[in-house]
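In the working numbering, the protein residues as written are -15 to 562. C-beta atoms are modelled at their ideal positions from N, C-alpha and C, and glycine is treated no differently. Bear in mind the structure is a predicted one, so any value in this text is a computation, not a measurement.
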């Protein structure tokens, strides 16, 4: 018996004898048969504890993020830029992922290294690929604590925020400082179009150049002054003092170290990890500003990536992976900043930093140089007085040395005019062009222009690349890779006959591997290797789990660690208990 028509799904509601359902389902005239179910409206006034059961991610609870969820704030509409190795189009960020330019030279939007996808999941993952009954607990069993079968998905902190991915590294995770600067310039130019209010930088270099002249400091301070909360990983070079990396040493940014929350909300067992970098900075500045959960956090992984292939023992379920590092801690904090800005859109970056730092709770047995103000408590930050809407004073000129900003890390690349590989060093960019700090700073960094009038030696816009438009009706002439580009075709849902959905740019890439009809990168920008001569290749993305190995007695399940010396007993951290 046919009831109501359901034109939206090209179907009908009907009553069918249970015994006849198999026959109906086999009919070629029927696409699918779906059993009817009853539902109830969910009250908007849910308690914090009730809302928190929607996630298996303990760091959501331990940071107080679930307080924002209970109030209906999950970061919707807030853009979080992730300058990293890219973000793959996994289900957990579906419909909320915007692919910016690929500056790695791969010509792909896919995260082949795997680091950026993890960060995006921690910031804004929805938990779509994990189920109520199937998410794996921390001890490998079903259930959030491995003891019961009811669990939410592996979500991020702000599961409705928009992720704006700017890819700077390919499969090996290598990236030069000059490429990071270009990525930050792009974020500046597009901050209004994508409502970018937070930038996550889970990256750093071992440089001690004074932030007053350093180009990286200039970049992050300009973004800060433009209304973007810049969250930077402190580094994984602890436990020694003065190990905070650049640009986390900048006085304006929100610098984040890592603590182990033991996957629970009990503050009594929290402790700063030994590998989390400590202050003071080379200039005597107190850093980090705070510490966030950063030990064995579960987040989305990029299929086929280097991180996934190298760390199979850390996989969780079908689409997730466990990792540790100040990378993870910074990503958690970026999610908290997105929730705070979503709930209080008028906050300035200074106010966001003040709220998170002033309401933080110090960890016992840890000093200021290790933990800053302590662990964030978003529930308090949501209602605390933000103070005056002042702006921290910009101190960086950007006129320092590009080479000194690199510290001891150099990429190997192939210059466009040559087939031989070269080590990028001195005052030249990863595009094998001379670096002139006075040209890059000043009038060319205004938000209305994109690196002046040139990009990689050829033309990028010919004149300007504004916040809301692409240089009127021109794009390196009058063509856009064979088609036309005018103001009338860059509107709504169309982009010169292709698609613009807010989460894709002409499919999944920006015109494949080419740009302006000739070349975008020559061949590769970030090369095949990163690290000092004779050392194992390393990356500067701040993950202790994916990069530097913990000491053998400090490792946790799923982490790679140093080999245990033969015959050494007892463990260095062990003491007699009777």
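Using DSSP with H/G/I as helix, E/B as strand and the rest coil, what is residue 240? Residue 240: strand per DSSP, three-state reduction.
Name the residue from 305, 337 and 422 whose alpha carbon lies nearest to the alpha carbon of residue 238. Residue 337 holds the alpha-carbon nearest to the alpha-carbon of residue 238 among 305, 337 and 422.
With a Cβ-Cβ cutoff of 7 angstroms, do residue 202 and residue 382 count as a contact? Using a Cβ distance threshold of 7 angstroms, residue 202 and residue 382 count as a contacting pair.
Which residues mark the beginning and the end of the beta strand (DSSP E) in which residue 304 is found? Bounds of the beta strand (DSSP E) holding residue 304 are 304 to 307.
Hey, quick one: how far does the beta strand (DSSP E) through residue 81 stretch, first residue to last? Here the beta strand (DSSP E) through residue 81 covers 81 to 86.
Can you check which of these residues, 351, 346 and 375, is closest to residue 335 by C-alpha distance? Measuring from the Cα of residue 335, the nearest candidate turns out to be 375.
Which ranges would you report for the beta strand (DSSP E) in the region 364 to 425 if only whole runs of at least 3 residues count? Here the runs fully enclosed are 396 to 398 and 405 to 407.
Judging by CA-CA distance, which residue of 275, 299 and 69 is the nearest neighbour of residue 240? Closest option to residue 240, Cα to Cα, is 275.
Using three-state DSSP, classify residue 230 as helix, strand or coil. Strand.
Cβ pair count under 8 angstroms reaching 3, the region 87 to 97 against the region 171 to 187: The answer is no - the region 171 to 187 does not touch the region 87 to 97, with fewer than three Cβ pairs under 8 angstroms.
Backbone secondary structure at residue 525 - three-state DSSP: DSSP places residue 525 in strand when its eight states are reduced to three.
Cα-Cα, which of 163, 527 and 231 is closest to residue 204? Nearest option by C-alpha distance: 231.
Where residue 215 falls: helix, strand or coil (DSSP): Note: residue 215 maps to strand in three-state DSSP.
Contact belief for residue 218 with residue 286 at Cβ below 8 angstroms, rounded distance in angstroms: About 24 angstroms separates the two Cβ atoms, so there is no contact after all.
Less than 7 angstroms separating the beta-carbons of residue 339 and residue 363? The Cβ atoms of residue 339 and residue 363 do not sit closer than 7 angstroms to each other.
Under three-state DSSP, which class holds residue 189? Looking at residue 189 - three-state DSSP - the assignment turns out to be strand.
Looking at residue 112: is its Cβ nearer than 7 angstroms to the Cβ of residue 75? Taking 7 angstroms as the Cβ cut-off, residue 112 and residue 75 qualify as a contacting pair.
Cβ distance (whole Å) where residue 529 is taken to contact residue 308 below 8 angstroms: Indeed, because the Cβ distance is near 4 angstroms, the residues count as touching under 8 angstroms.
Proximity below 7 angstroms, CB of residue 139 to CB of residue 190: Judged by beta-carbon spacing, residue 190 lies beyond the 7 angstroms limit of residue 139, meaning their Cβ atoms are not closer than that value.
Taking DSSP as the reference, what is the three-state secondary structure of residue -14? Three-state DSSP puts residue -14 in a strand.
Could you check the C-alpha separation between residue 197 and residue 298 for me, to the nearest Å? Their backbone Cα atoms lie some 41 angstroms apart in a straight line.
Residue 146 - containing beta strand (DSSP E), residue span: Its beta strand (DSSP E) spans residues 146 to 151.
Which residues in the same chain have their Cβ closer than 6 angstroms to the Cβ of residue -14, if we skip the five residues on either side of it in sequence? Result list for residue -14: -4 and -2, in chain order.
For the ligand GTP, I want to know if residue 173 counts as a neighbour, meaning its beta carbon is within less than 6 angstroms of at least one of the ligand's heavy atoms. No copy of the ligand GTP appears in this structure; indeed no ligand is present at all.
Do three or more CB pairs link the region 346 to 357 to the region 317 to 329 at distances below 8 angstroms? At 8 angstroms Cβ cutoff, the stretches do not touch.
Give the DSSP-derived three-state secondary structure of residue 15 in the structure shown. Coil.
In the DSSP assignment, find the alpha helix (DSSP H) that holds residue 6 and state where it starts and stops. Boundaries of the alpha helix (DSSP H) harbouring residue 6: 5 to 10, taken from the DSSP string.
By the DSSP assignment, the alpha helix (DSSP H) with residue 324 in it spans what residues? Per DSSP, the unbroken alpha helix (DSSP H) holding residue 324 starts and ends at 310 to 327.
Quick one, are the C-beta atoms of residue 62 and residue 322 less than 7 angstroms apart? In this structure, residue 322 lies closer than 7 angstroms to residue 62 by Cβ.
Given that a residue counts as buried once 16 or more other Cβ atoms are within 10 Å of its Cβ, and exposed if not, what is residue 281? The residue in question, residue 281, is buried, as its Cβ has 16 or more Cβ neighbours within 10 Å.
Does the Cβ of residue 367 have 16 or more other Cβ atoms within 10 Å, making it buried, or fewer, making it exposed? That one is exposed.
Cβ neighbours of residue 150 in the same chain (closer than 8 angstroms, five flanking residues each side left out): Excluding positions up to five away in sequence, the list reads 65, 66, 67, 68, 84, 85, 87, 167, 170 and 171.
Indicate the three-state DSSP secondary structure (helix, strand or coil) for residue 138 in the structure shown. It is coil, neither helix nor strand.
Nearest residue (CA-CA) to residue 227, options 271, 195, 407 and 212: Across the set 271, 195, 407 and 212, the C-alpha of 271 shows the shortest separation from the C-alpha of residue 227.
With DSSP as the reference, identify every bridge partner of residue 281, one or two as the case may be. Bridge partners of residue 281: 307.
Which same chain residues, not among the five before or five after residue 224, have their C-beta less than 8 angstroms away from its C-beta? So the list reads 262, once near-sequence residues are dropped.
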